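Written below as structure tokens is the structure these notes are about.
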Amino acid sequence: MATPDSLSLFTGLGLSEQKARETLKNTALSAQLREAATQAQQTLGSTIDRATGTLLYGLASRLKDARRLPFLVGYITTALEYVRSHPLDPVDVVDFERECGVNVVVTPEQIEEAVEAVINRHQSQLLAERYHFNMGLLMGEARAALKWADGKMIKHEVDMQVLHLLGPKMESDLEKKSKVVKTRPEETDRRKAKDVVENGVAAGQALSLMEQLRGEALKFHKPGENYKTPGYVTTPHTMDLLKQHLEITGGQVRTRFPPEPNGILHIGHAKAINFNFGYAKANNGICFLRYDDTNPEKEEAQFFTAISDMVNWLGYTPYKVTYASDYFDQLYTWALELIRRGQAYVCHQRGEELKGHNPLPSPWRDRPVEESLLLFEAMRKGKFAEGEATLRMKLEMEDGKMDPVAYRVKYTPHHRTGDAWCIYPTYDYTHCLCDSIEHITHSLCTKEFQARRSSYFWLCNALDVYCPVQWEYGRLNLHYAVVSKRKILQLVAAGAVRDWDDPRLFTLTALRRRGFPPEAINNFCARVGVTVAQTTMEPHLLEACVRDVLNDTAPRAMAVLDPLMVIITNFPAAKSLEIQVPNFPADETKGFHQVPFASVIFIERTDFKEEPEPGYKRLASGQPVGLRHTGYVIELQCVVKGPSGCVERLEVTCRRADAGEKPKAFIHWVSEPLTCEIRLYERLFQHKNPEDPAEVPGGFLSDLNPASLQVVKAALVDCSVALAKPFDKFQFERLGYFSVDPDSHQGQLVFNRTVTLKEDPGKV
Numbered sequence: 001m002a003t004p005d006s007l008s009l010f011t012g013l014g015l016s017e018q019k020a021r022e023t024l025k026n027t028a029l030s031a032q033l034r035e036a037a038t039q040a041q042q043t044l045g046s047t048i049d050r051a052t053g054t055l056l057y058g059l060a061s062r063l064k065d066a067r068r069l070p071f072l073v074g075y076i077t078t079a080l081e082y083v084r085s086h087p088l089d090p091v092d093v094v095d096f097e098r099e100c101g102v103n104v105v106v107t108p109e110q111i112e113e114a115v116e117a118v119i120n121r122h123q124s125q126l127l128a129e130r131y132h133f134n135m136g137l138l139m140g141e142a143r144a145a146l147k148w149a150d151g152k153m154i155k156h157e158v159d160m161q162v163l164h165l166l167g168p169k170m171e172s173d174l175e176k177k178s179k180v181v182k183t184r185p186e187e188t189d190r191r192k193a194k195d196v197v198e199n200g201v202a203a204g205q206a207l208s209l210m211e212q213l214r215g216e217a218l219k220f221h222k223p224g225e226n227y228k229t230p231g232y233v234t235t236p237h238t239m240d241l242l243k244q245h246l247e248i249t250g251g252q253v254r255t256r257f258p259p260e261p262n263g264i265l266h267i268g269h270a271k272a273i274n275f276n277f278g279y280a281k282a283n284n285g286i287c288f289l290r291y292d293d294t295n296p297e298k299e300e301a302q303f304f305t306a307i308s309d310m311v312n313w314l315g316y317t318p319y320k321v322t323y324a325s326d327y328f329d330q331l332y333t334w335a336l337e338l339i340r341r342g343q344a345y346v347c348h349q350r351g352e353e354l355k356g357h358n359p360l361p362s363p364w365r366d367r368p369v370e371e372s373l374l375l376f377e378a379m380r381k382g383k384f385a386e387g388e389a390t391l392r393m394k395l396e397m398e399d400g401k402m403d404p405v406a407y408r409v410k411y412t413p414h415h416r417t418g419d420a421w422c423i424y425p426t427y428d429y430t431h432c433l434c435d436s437i438e439h440i441t442h443s444l445c446t447k448e449f450q451a452r453r454s455s456y457f458w459l460c461n462a463l464d465v466y467c468p469v470q471w472e473y474g475r476l477n478l479h480y481a482v483v484s485k486r487k488i489l490q491l492v493a494a495g496a497v498r499d500w501d502d503p504r505l506f507t508l509t510a511l512r513r514r515g516f517p518p519e520a521i522n523n524f525c526a527r528v529g530v531t532v533a534q535t536t537m538e539p540h541l542l543e544a545c546v547r548d549v550l551n552d553t554a555p556r557a558m559a560v561l562d563p564l565m566v567i568i569t570n571f572p573a574a575k576s577l578e579i580q581v582p583n584f585p586a587d588e589t590k591g592f593h594q595v596p597f598a599s600v601i602f603i604e605r606t607d608f609k610e611e612p613e614p615g616y617k618r619l620a621s622g623q624p625v626g627l628r629h630t631g632y633v634i635e636l637q638c639v640v641k642g643p644s645g646c647v648e649r650l651e652v653t654c655r656r657a658d659a660g661e662k663p664k665a666f667i668h669w670v671s672e673p674l675t676c677e678i679r680l681y682e683r684l685f686q687h688k689n690p691e692d693p694a695e696v697p698g699g700f701l702s703d704l705n706p707a708s709l710q711v712v713k714a715a716l717v718d719c720s721v722a723l724a725k726p727f728d729k730f731q732f733e734r735l736g737y738f739s740v741d742p743d744s745h746q747g748q749l750v751f752n753r754t755v756t757l758k759e760d761p762g763k764v
């Protein structure tokens, strides 16, 4: 039976699923093809495209002597890469043969020297691990040094030199290597968070975002050298078009951030913004903000504004703000040209007929060009109902989808063009052509668009226009989160959240409202890294980045969430004292603020206990406690209770802190305070993957955390924050980091708790 790994490997080489299954039934052929693919990946250092996969399949199916496989695979991959990176005719045969190793002779002496160098590099680890060492590493490095050497000769030499260094195997070398104890995922996550908090970087991510985005680090093509990219399709016009492109751009790096204005950006978009704007910035280039406004049914003015605000909030300024609708006239002209070239046709299949992996071929695929031109013009003039006609392109995409739609009929006014159009282009048609118009050098998108890469190259080449390069990277996701626009609307409708900017969500507007600094989000994206694989992170790793920034930027204040009145019976002054409190206790050069200290103060109810348990260090009978920043210690004299038996107030005496024994603890307090509202947030969902039916069978709406929001209506805060404005941030001592909510108004401040001071060890 075919394993999923083998099946995906063979389909990745370009075989259809049926052909891959047939190949897997042939044990010898599938083993040989698997070996050929492994060898090719080692040679290329990247994934294998369809062209290379086709050659490898031909080799594996025809080669009778398996010993020659590594030798031939090396030549095939090298020759193919050479031809791709040298598209001009005629081919320089001498240079081609030199690159492909023709007439190259590798002597036994060269193999011996190369293997010796590799073993010397790893000698200390070899001596420590002996025969448990990964000998494949030695083979790989030696093969890399001697590209055209015989693999069997290298292996023989490695075996001989290792034997000479280590001697014969001993009994301990024959024992199975002890298994590494696997750490539970939640423990790994906690260690990562700890590393972020303590060291300022996540494991393995010491480079800044700008350093990661240098062209050299990513191994992206240089502007104008698009043809050197694996998989890039060249035509007889490619080099002339690239020459014109360089004349227009001057060799400048150009990227774009192309959001659909049909919803609010979320944490995943933060990575896209950082990647697109950051890559341009890191390489002295420019980045466009281009709205993909081709679906007027779902676009709203609020989304355009919110997207622009979030890009600016994260610290980036677009070179130019553009819209796909800016190019509607040009796109329509090109659609006519595509029909004239026999590469597009008007189709009457309904939307439901086009869904699925194997829809029936269109019966209108071969209709005459003149007929399609007339029908497309009729679509333009509004002579077809919605869904009655589409314009489709003649190509097959990587995922097997045939003839993607280029234009469809929609009788919805457009926010910019009004009723000028009743046909609108699709993403598959629009995106690459807008990139071409704006002379984008690197079209950076997430991995789900990899299946559109063939249509991207095909359409530009079908129209003989400049063709950029599409590069894919992994999406950034978070556990305990839902970011789908449709599902957020369901949460709003159900009353689970207030709106798109509810601080329990992971939209960027929500994170801003909660108090997350933009620098922290950018730092989080940098620490995640410019990964190709999809990444799903724990929220507390993002929160660690937030603490890292706020620790240095949020001035301190004192607030009490559950107040308990304390009367100091021997207060040392007739009126209140002014206490100097440092804005940042660790760095008093950042200034001070004043707070009043009077005979009546308020402390947290949890900072007093009538009957303390062992180890309790705060205020109790016979156990004094210090008041932060005052230089005074208070000692309990009397507990005053109300009719219900609840403690209403305490009476205490005070003394100078240096006039006696040092107390076990110092607590925060407020005096002559302001009353405010404080909103405390926890996770919105109870499970890591609320959208996973296996984890949450009842659906994400059934997974809501009933304790995700706690509102404290009558909290007290010291008067130093009286003039705070929305989005101002503070650290309330011993409580956490807080941000002023836009709901605040004169005389009534509202604070959102951004994050606690430390990660809650109870969270997993």
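Per the numbering used here, residue 1 is the first one in the sequence shown, and the count goes up by one each step. Glycine residues also receive a C-beta, built at the ideal position from the N, C-alpha and C atoms. Owing to the predicted nature of the structure, the values given are computational and were not obtained by experimental measurement.
| Query | Result |
| --- | --- |
| Cβ-based neighbour list, Leu127, same chain, cut-off 7 Å, excluding 5 preceding and 5 following | none |
| Closest by C-alpha distance to Arg753, when choosing among Glu613, Thr27 and Glu677 | Glu677 |
| Reduced DSSP secondary structure (H/G/I, E/B, other) of Ser8 | helix |
| For Ile678: DSSP bridge partner residues | Val712 and Phe751 |
| Assigned exposure category for His414 - 16 Cβ within 10 Å defines buried | buried |
| Gln18 versus Lys25 - alpha carbon distance | 11 Å |
| Under 8 Å between C-beta atoms of Pro318 and Leu289 | yes |
| N-terminal and C-terminal residue of the beta strand (DSSP E) that Ala344 is part of | Ala344 to Cys347 |
| In chain order, each beta strand (DSSP E) run of at least 3 residues that lies wholly inside the region 402 to 479 | 405 to 409, 423 to 425, 442 to 446, 469 to 473 and 476 to 478 |
| Delimiting residues of the alpha helix (DSSP H) encompassing Thr390 | Looking at the DSSP string, Thr390 is not in any alpha helix (DSSP H); the run it does join, the beta strand (DSSP E), is Thr390 to Met393. |
| Neighbourhood of His629 by C-beta, 6 Å cutoff - its chain only, sequence neighbours within 5 removed | Ile579 and Val581 |
| Given His431 as reference, the closest of Ala420, Arg452, Val639 and Arg498 once Cα atoms are compared | Arg452 |
| For Phe738 and Pro517, the rounded distance between their alpha carbons | 11 Å |
| Pick from His237, Gly251 and Asp435 that is closest to Glu225, judged by C-alpha positions | Gly251 |
| Which of helix, strand or coil DSSP assigns to Pro359 | coil |
| Sheet register partners of Glu543 (DSSP bridge) | DSSP lists no partner for Glu543. |
| For Gln470 and Tyr456, believed in contact at Cβ under 8 Å, the rounded distance | 5 Å |
| Where the alpha helix (DSSP H) through Met558 begins and ends | That residue, Met558, is in no alpha helix (DSSP H); it is neither H nor E in DSSP. |
| Cβ distance (whole Å) where Asn522 is taken to contact Asn274 below 8 Å | 6 Å |
| His593 in three-state terms, based on DSSP | strand |
| In chain order, each beta strand (DSSP E) run of at least 3 residues that lies wholly inside the region 650 to 709 | 674 to 681 |
| Length of the line joining the Cα atoms of Pro425 and His237 | 26 Å |
| Arg121 versus Leu138 - alpha carbon distance | 10 Å |
| Integer Cβ distance of Gly474 from Gln212, believed to fall under 8 Å | Gly474 to Gln212, Cβ: 14 Å. No contact. |
| Top-ranked residue by Cα proximity to Lys713, from Leu749, Arg734 and Lys688 | Leu749 |
| Buried or exposed by the 16-neighbour rule on C-beta atoms within 10 Å, applied to His164 | exposed |
| Pairwise C-alpha distance: Lys228 and Lys219 | 11 Å |
| Spatial distance of Gly200 from Val755 (CA atoms) | Here the model assigns Gly200 a pLDDT of 36, short of 50, so the residue's position is not dependable and the matter cannot be decided. |
| Rounded distance between the beta-carbons of Phe597 and Pro555, thought under 8 Å | Not confirmed; about 19 Å, so no contact. |
| Simplified DSSP assignment, three categories, for Glu648 | strand |
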